Ligand code: MN
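In the working numbering, the protein residues as written are 66 to 554.
In structure tokens form, the structure reads like this:
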């Protein structure tokens, strides 16, 4: 790949891009990295070029592409911050500095303090300008793609870091495709036996499924055409690592036949109206599986902004199949998340999202940033970095469930969360005054373990206080802190 290919790519989605600046950044980086080699033996410049190319695939702005090209000049190139300011201005220099700062996140017990400090910097940098983290993710992606050239020790360290930090970050930012790729790249380095087993296991399965999917797709195309709905249908196998995690769940117990979204059928349509239209078409052709139901993430998006209709149906010959229906724009955002968001919001010619755009599912939900904002608020409150780290481990990177309040708001909680955790995440007063809970119309105890999709209604009594016993079962730091605060007062 050459810089002119990247410039051509950028010009297609952004005619007003500053190509001269991109070219200048490339020449600068090329000079700085002159004579340096990657562990693969390739000239070093290949790495910044690849990173810039990934960023161009995400359709990012000129500044991001330039930062991608320059991202290693401070760290590996002996260039001073002031040189960057002089050549490229403060905005770009600050961003490159940000990427460098969040660069090395040592894990492991001995360096915990340092780890926390870096994580802090990363989150602060993220809050200041999200492009820092997008560039960092692109950098990590290429480093994972070339991980085979590093020592075994480094391989394991980087793969672990990727699973622990970068993939969850990508997920939180709604970058589903990035998350899946990072996990799948890390997977073989950490669980090589399991990885090989799964690759073989699924190869057989996919071979058998191919023919079936072709027939099913043909049928749905026909039905949709009869209803006048223009659509694009595709089906892609689930990412290997997320499949592996699912297989490990106790109720599945490594039985691949119990996984229905192994290959999901994806129907992309033009408008929100067509999404529901297509859902009707699918359901009139194939009956939904009763226990699975329909998830409407368009009316109620997931906290990371994901929007889609999901249904599980008895398809051809009674085979259970998951079908996902969304607009092209929703799909773009589901794959690219915050990066897509950034692209849309940077289009200055669109001061206001038009009704037509909204109908196409074009809006960019701001909620994607709310997790980052919350973390920043916490880290300001917390002087003790150990507590901050615990919070991150506690709330930030644990597996999540999604539950609903009676008026339909979605709450994002860690696995194992209880009605008390839910109550405190709604409002500290609701947590303090909780006396009981009704989950899906059934009375439950306050230590009940919530599941994704639960509808939670808190019964409260004005003026009542939390019980110290709650500390034994709550799993969120918000609840823990709320309870302690109220007990002390
Ligand atoms: Mn790099």
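Note that the Cβ used here is the ideal one computed from N, Cα and C, for glycine as well.
Since we're looking at a predicted model, the values are computed, not measured.
Counting C-beta atoms within 10 angstroms of its own C-beta, residue 73 has fewer than 16 neighbours from the protein chains shown and is therefore classed as exposed.
Counting C-beta pairs closer than 8 Å gives three or more between the segment 482 to 501 and the segment 527 to 543, which meets the contact rule. DSSP lists 524 as the bridge partner or partners of residue 501. Taken through DSSP and simplified to helix, strand or coil, residue 227 comes out as helix.
Within the DSSP bridge table, the entry for residue 329 names 301 as partners. Residue environment for residue 373: buried (at least 16 other C-beta atoms within 10 angstroms of its C-beta). The segment 238 to 253 makes contact with the segment 217 to 229, as at least three CB pairs between them are under 8 Å. Leaving aside the five residues that flank residue 150 on each side, the residues in its chain whose CB is nearer than 6 Å to its CB run, in chain order, 158. Under the Cβ criterion (8 Å, minimum of three pairs), the segment 259 to 266 counts as touching the segment 302 to 313.
Listed in chain order, the alpha helix (DSSP H) elements of length 4 or more contained wholly in the segment 252 to 287 amount to none. Its Cα nearest to that of residue 134, the residue 113 stands out among 243, 258, 113, 272.
At a threshold of 7 Å, residue 497 does not count as near the ligand MN, since its beta carbon sits no closer than that to any of the ligand's heavy atoms.
For the ligand MN, the residues with a Cβ under 5 Å from any of its heavy atoms are, in chain order, 137, 204. Of all alpha-carbon atoms in 553, 274, 347, 155, the one lying nearest the alpha-carbon of residue 388 is that of 347. Annotation: the segment 100 to 126 contains the following complete segments of the alpha helix (DSSP H) (minimum length 4 residues), in chain order: 111 to 122.
The three-state secondary structure of residue 536, taken from DSSP, is helix.
Apart from sequence neighbours up to five positions away, the residues of its chain that approach residue 104 with a beta-carbon distance below 8 Å are 211, 214, 215, ordered along the chain. Residue 508 carries a strand assignment under DSSP once its states are collapsed to helix, strand and coil. Here residue 376 is buried: its Cβ has 16 or more other Cβ atoms, across all protein chains shown, within 10 Å.
Judged by beta-carbon spacing, residue 115 lies beyond the 8 Å limit of residue 82, meaning their Cβ atoms are not closer than that value. Relative to the Cα of residue 499, the nearest Cα in the group 390, 351, 520, 530 belongs to 530.
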